[in-house]
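Right, one structure below, let's go through it.
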Amino acid sequence: MRVRFWGTRGSIATPGPGTNHFGGNTSCVELTTASGDLLIFDCGTGAHPLAAKLMAQGTKAINANILIGHTHWDHIQGFPFFIPAFVQGNAVAIYGPEGSHGSLHDVLAGQMESTYFPVELKQLPAAITYHDLTEGIHTIGSARVATQFLHHPAITVGYRVEADGVAVVYLVDHEPFSDALWRAGAEPGRVESILHDGDRKHAQFMADADLVIHDAQYTPEEYGPKKTWGHSTYEYVVQIAAAAGVRQVALTHHDPGHDDRFVAEIETKARAIALQRGTGLDVFCAYEGCELVLERRSTLKPFITAAPFQASVAQRRFHILVVDDQPDMLAMVVRALEEDQYIVSKAANGPEALRMIDARMPDLVVLDYKMSGMDGMAVTKALRARTTTQALPVLMLTAMTDEPSTRAGFEAGVTDYVTKPFSVPQLTARVRACLARTRLP
Ligand SMILES: [Zn+2]
Ligand SMILES: [Zn+2]
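Given below as structure tokens:
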């Protein structure tokens, strides 16, 4: 298998003398399997030089599979410049997560409306197909492709491609679920010692991979004020990849404010952490033009998930109960969920919530931790003690970011634990992930 980086910059294309080495184009990575399948991770501005290379290869029809993690600009802006889509006889299959605002087709057509671009999506002569994906296992050409939600202020999936006896995992854009990675008292550096369920699932998704391509936009010093923006630090990436037994990590989605010298320093620091961990993990900062050849190995452990085939939830209407004793927060959450077309009801305290659940079972409860009287933890425990509500998803909202509170939340049985401050798009992406993981009735 061959992997080549065409775009390594995050947020906005950043050309200029300061980014000559690591590159200024936004996210785009080409993967070619031994049998000739072409998979492309994201379609940022790096898709333009990639398209030129594909076109220069000759007259043979091009069959491209574009795997979009999410539809923020820096991941789709190269699509209108992907020349193979302008040629009749070529085939372009586009994959992306279900549940963004509109279907994948509509989102891509939106950025090509005549206000923004001279050619409309429907005018492109290639055979273009659209595949809105849920979490699970998919087949694309000769590759087995797993998807899993990431943590970002938009519905975002990571891709794990297994083919030719190797695994390549693309995790862009993503930020840690929890400030603390490890559980207190547990041995750090092990997947089982990871505090937050979301971070543990993230580690399991990349386990044993030959190559992980991961968002590492920030330094640990920069992260604080940019929390909730949806990006990782190199420290988090190296720690979690080492625990997951990953062989090689490519740090990418470089910040537009980081010049070549700065990114090279990040590489040095990230390598020092990897060395400390002592797992043999190789770390580098991805640069435009970087090409890797991954050799087949017989020991690859395929990714196993309890839910390999998730049903589509795009056409379902969900009912969500929001419980909070603070009127401002309650109103804000209710408004955000109503804008996302959910049926929303609200309760101002724990006992009222339990009564409402008895009267009408919701698909999800969004629950505040700290409430006077019966708190969120007590409500969760009451729900888990009853057979009818044992499996009801509970998303807990809390300002308690400390390790014991996070642990107590998961031990009480919360499905997800969201710490304040959060942004509305971040919350609605987490709600969507919770709902997508619930089984259809
Ligand atoms: Zn991005
Ligand atoms: Zn993004």
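Using the numbering used here, you'd call the opening residue of the sequence shown number 12 and step up by one each time. Just so it is clear, CB atoms sit at the ideal spot from N, CA and C, and this is done for glycine as well.
Need the endpoints of the alpha helix (DSSP H) that V442 sits in, please. Residue 442 sits at position 431 when you count from the first residue of the sequence shown. First-last of the alpha helix (DSSP H) with V442: 435-448.
Subject >> As assigned by DSSP and simplified to three states, the class of G169 >> reply: Position 158 of the sequence shown holds residue 169. Note: G169 maps to strand in three-state DSSP.
- Query: Rounded C-beta distance between T244 and A227? I'm assuming under 8 Å.
  - Reply: Residue 244 sits at position 233 when you count from the first residue of the sequence shown. Residue 227 sits at position 216 when you count from the first residue of the sequence shown. With a Cβ gap of about 7 Å, T244 and A227 count as contacting.
Check: Does the region 250-269 come close enough to the region 285-295 that 3 or more CB-CB pairs lie under 8 Å?
Finding: yes
**Study point:** Alpha-carbon spacing of P373 relative to M340, whole angstroms
**Key:** On the sequence shown, residue 373 is found 362 positions in, with the first residue counted as 1. On the sequence shown, residue 340 is found 329 positions in, with the first residue counted as 1. Near 20 Å, if we compare the C-alpha coordinates of M340 and P373.
If the criterion is Cβ atoms closer than 7 Å, does the pair R171 and F314 meet it? The residue labelled residue 171 in the question sits at position 160 within the sequence shown. The residue labelled residue 314 in the question sits at position 303 within the sequence shown. Result yes, Cβ atoms of R171 and F314 sit closer than 7 Å.
Next on the checklist: Please enumerate, following chain order, all residues with a beta carbon closer than 6 Å to at least one heavy atom belonging to ligand 2.
Outcome noted: H81, H83, H163, A165, D184, G241
Proximity to A137 [Cα-Cα], best of A102, L49, D335 | Position 126 of the sequence shown, counting from 1, holds the residue named residue 137. The shortest C-alpha separation from A137 is found at A102.
Handout entry: L117 beta carbon near ligand 1 (any heavy atom closer than 6 Å)
Key = Here residue 117 refers to the residue found at position 106 when the sequence shown is read from its first residue. Note on residue identity: the sequence assigns Asp, not Leu, to residue 117. The answer is no for D117.
Item to complete: Within the region 46-100, note down every full alpha helix (DSSP H) run reaching 4 residues or more, in order along the chain.
Response: 58-67, 84-87
key: Buried/exposed call for S189, threshold 16 Cβ in 10 Å   = By one-based count along the sequence shown, residue 189 stands at place 178. That one is buried.
- [ ] Identify, in the order they occur along the chain, each residue of the same chain with its Cβ nearer than 8 Å to the Cβ of G147, setting aside the five sequence neighbours on each side.
- [x] Translated into positions along the sequence shown, residue 147 becomes position 136. The answer, listed in chain order, is A157, T158, T316, A318, P319, F320, Q321.
Quiz item: Can you name the start and end residues of the beta strand (DSSP E) that D143 belongs to?
Solution: Working through the sequence shown from its first residue, we reach residue 143 at position 132. From DSSP, the beta strand (DSSP E) with D143 extends over 138-144.
From V304 to R13, what distance separates their C-alpha atoms? Position 293 of the sequence shown, counted from the start, is the residue given in the question as residue 304. Position 2 of the sequence shown, counted from the start, is the residue given in the question as residue 13. Cα to Cα, V304 sits roughly 5 Å from R13.
- Query: Three or more C-beta pairs closer than 8 Å, one from the region 406-413 and one from the region 213-227: is that the case here?
  - Reply: no
Original post:
Less than 7 Å separating the beta-carbons of D143 and H163?
Top reply: As a first step, residue 143 is located in the sequence shown; it is residue number 132 there, counting from the start. As a first step, residue 163 is located in the sequence shown; it is residue number 152 there, counting from the start. The answer is no: Cβ separation not under 7 Å.
Return the chain-ordered list of same chain residues with a C-beta closer than 8 Å to the C-beta of V344, the five sequence neighbours on each side being excluded. Here residue 344 corresponds to residue number 333 of the sequence shown, with the count starting at 1. The answer, listed in chain order, is V333, D335, V377, L408, L438.
Exercise for review: To the nearest angstrom, report how far apart L192 and L206 are at their CA atoms.
Suggested key: On the sequence shown, position 181 is the one that residue 192 refers to. On the sequence shown, position 195 is the one that residue 206 refers to. C-alpha separation (whole angstroms): 6 Å.
Worksheet item: Should K357 be labelled buried (16 or more other beta-carbon atoms within 10 Å of its own) or exposed?
Response: Counted from its first residue, the sequence shown places residue 357 at position 346. Label assigned to K357: buried.
Test item: CB-CB of D219 and K312 under 7 Å: What you label residue 219 is simply residue 208 of the sequence shown in a count that begins at 1. What you label residue 312 is simply residue 301 of the sequence shown in a count that begins at 1. Result yes, Cβ atoms of D219 and K312 sit closer than 7 Å.
Identify every run of the beta strand (DSSP E) within the region 331-415, keeping only runs that are complete inside it and at least 3 residues long; order them along the chain. 354-358, 375-379, 405-409
_For Y229: DSSP bridge partner residues_ = Counted from its first residue, the sequence shown places residue 229 at position 218. Paired residue(s): T244.
Decide yes or no for the touch test of the region 20-30 against the region 62-73: beta carbon pairs closer than 8 Å, at least 3 of them.
no
ask   = Can the beta-carbon of V179 be found closer than 7 Å to that of L222?
value = Here the question's residue 179 lines up with position 168 in the sequence shown. Here the question's residue 222 lines up with position 211 in the sequence shown. In contact: V179 and L222 (Cβ atoms closer than 7 Å).
Can you give the beta carbon distance from A104 to N76, rounded, assuming they're within the 8 Å contact cut? Position 93 of the sequence shown, counted from the start, is the residue given in the question as residue 104. Position 65 of the sequence shown, counted from the start, is the residue given in the question as residue 76. Confirmed, Cβ separation roughly 5 Å.
- Locate the beta strand (DSSP E) running through Q287, then write down its first and last residues. As a working mapping, residue 287 is identified with position 276 in the sequence shown. Element bounds for Q287: not the beta strand (DSSP E) but the alpha helix (DSSP H), 271-288.
**OP:** Buried or exposed for Y127, please, with buried defined as at least 16 other CB atoms from any protein chain shown within 10 angstroms of its CB.
**Re:** Within the sequence shown, the letter at position 116 stands for residue 127. Y127 comes out exposed.
Please report how far the alpha carbon of A281 lies from the alpha carbon of P187, in whole angstroms.
-> Locating residue 281 in the sequence shown gives position 270, counting from the first residue. Locating residue 187 in the sequence shown gives position 176, counting from the first residue. Rounded to the nearest angstrom, the two C-alpha atoms are 17 Å apart.
Quick check on this structure: which residue in F97, P95, H32, T82 has the alpha carbon closest to the alpha carbon of D117? If you number the sequence shown from 1, residue 117 lands on position 106. Cα-wise, what sits closest to D117 is T82.
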